[in-house]
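A.B. asks:
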Amino acid sequence: FREGVMAVYGGDGGSRAVVYAWVIQDSTTAVRRSWEETAGFLSSQRYEWASDRNYSEAKTIDSLDPPDGCVESSRAEGSNPDSRFPAGLTLCAVDPDVIILTIVSGKLGEESGYLAADALVQLALANSQMTKTSGQNKECPFSNLPDDQRPDSPLWDC
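In terms of the working numbering, the sequence shown opens at residue 193 and continues consecutively.
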């Protein structure tokens, strides 16, 4: 990975949402290895979180079309083993060199499971595009932080 950022959000009723975003080095091998590494993490979480789901349901969720803006994705859902909240994970490849991993435990708005994680991918992509096109930090998810604490990342141009 060339660089990455992480953001953690707390919500109502103990819900938690985490976004990881990485910019990948400029080579086909680096892109493939980066995807394999993050997919390996998702697979380990799938085993932990989705152990209460049957295999065919997990396979169906993972075979759905990628969320808008993603050229490839992988998903999992189940229960967070720590909180027992419904939980979802979505791994998203964005052309040409970005990987986003979202994890939601509990609800995001009205959604839970992989639908909540997909919705968080959409929020991350929307915030990324808004800051790039508007040039205004008011749309940046990190705008409440002092300048020296904002991530220096092309993902949000903060």
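Even for Gly, the Cβ is constructed at its ideal location relative to N, Cα and C.
(1) In three-state DSSP terms, what is Ile178?
(2) How far does the beta strand (DSSP E) with Ile291 in it reach, from first residue to last?
(3) Leaving out five residues on either side along the sequence, give the residues of the same chain with a beta carbon under 6 Å from the beta carbon of Gly196.
(4) Within the continuous beta strand (DSSP E) that includes Val215, where are the two ends?
(5) Residues in the same chain with beta-carbon distance under 7 Å from Leu161, minus the five sequence neighbours each way, listed in chain order, please.
(6) Find the nearest neighbour of Leu317 within the set Gly261, Asp254, Tyr239, Glu240, judged by alpha-carbon distance.
(7) Helix, strand or coil: how does DSSP classify Ser320 here?
(8) Please classify Ser236: is it buried, with 16 or more other beta-carbons within 10 angstroms of its beta-carbon, or exposed?
C.D. replies: Put simply:
(1) Missing from the structure shown is residue 178; the chain here goes from 193 to 350 and no further.
(2) On the sequence shown, position 99 is the one that residue 291 refers to. Annotation for Ile291: the continuous beta strand (DSSP E) segment containing it runs 290 to 297.
(3) As a working note, residue 196 is residue 4 in the sequence shown. By the criterion of a C-beta distance shorter than 6 Å, Gly196 is surrounded in its chain by Trp214, once the five residues flanking it on both sides are discounted.
(4) Counted from its first residue, the sequence shown places residue 215 at position 23. Counting along the chain, the beta strand (DSSP E) containing Val215 begins and ends at 208 to 215.
(5) The displayed coordinates of the chain run from 193 to 350. Any statement about residue 161 would go beyond what the structure contains.
(6) One-based indexing of the sequence shown puts residue 317 at position 125. Taking only the C-alpha atoms, the option nearest Leu317 is Gly261.
(7) On the sequence shown, position 128 is the one that residue 320 refers to. Here Ser320 carries a helix assignment [DSSP, helix/strand/coil].
(8) Counting from one through the sequence shown, the residue named residue 236 turns up at place 44. By the neighbour-count rule (16 or more Cβ atoms within 10 Å), Ser236 is not buried but exposed.
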